[in-house]
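Q: Mind looking over this structure? Questions follow.
In the UniProt record's numbering, the protein residues as written are 1 to 85.
In structure tokens form, the structure reads like this:
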């Protein structure tokens, strides 16, 4: 999170000393099966954090989100490995 300066943009309090503000979200995307709850949770959290419209989270987009996340994790792992060498 610090890499994306999320905490730097939140104000004066150091990380961990600020209370989490909970706001209800109207019209939150819902999964329609039993296997995509994790991807929905991750994408909803991501979209809320960066202020994106959650209308882009729908059942047909989930395979794309899975592939994108797998690609990002592999690339991150490869970069970390190269840094260690």
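C-beta atoms are modelled at their ideal positions from N, C-alpha and C, and glycine is treated no differently.
Keep in mind the model is a prediction, meaning the values are calculated, not measured.
CA-CA distance, residue 82 and residue 71?
A: On the chain shown, residue 82 is found 82 positions in, with the first residue counted as 1. On the chain shown, residue 71 is found 71 positions in, with the first residue counted as 1. One C-alpha to the other measures close to 17 Å.
Q: Which of the three DSSP states, helix, strand or coil, is assigned to residue 24?
A: For the purposes of this step, residue 24 is identified with residue 24 of the chain shown, where counting begins at 1. Coil at residue 24, not helix or strand.
Q: Would you mind giving the Cβ-Cβ distance between residue 54 and residue 28, rounded to the nearest angstrom? I have them listed as a contact below 8 Å.
A: Along the chain shown, one-based indexing puts residue 54 at 54. Along the chain shown, one-based indexing puts residue 28 at 28. Contact holds; Cβ gap of about 7 Å.
Q: Using only CA atoms, which one of 73, 58, 23 lies nearest to residue 32?
A: As a first step, residue 32 is located in the chain shown; it is residue number 32 there, counting from the start. Minimum Cα distance to residue 32 is reached at 58.
Q: Using a Cβ-Cβ distance under 9 Å, would residue 28 count as near chain B?
A: Among the chains in the structure shown there is no chain B, since it carries only a single protein chain.
Q: Hey, residue 60 and residue 52: beta-carbon distance below 9 Å or not?
A: Along the chain shown, one-based indexing puts residue 60 at 60. Along the chain shown, one-based indexing puts residue 52 at 52. No, these two residues do not count as a Cβ contact at 9 Å.
Q: With a cut-off of 8 Å on the beta carbons, I'd call residue 19 and residue 39 a contact; round off their distance for me.
A: Taking the first residue of the chain shown as position 1, residue 19 is located at position 19. Taking the first residue of the chain shown as position 1, residue 39 is located at position 39. Incorrect: roughly 28 Å between the Cβ atoms, too far for contact.
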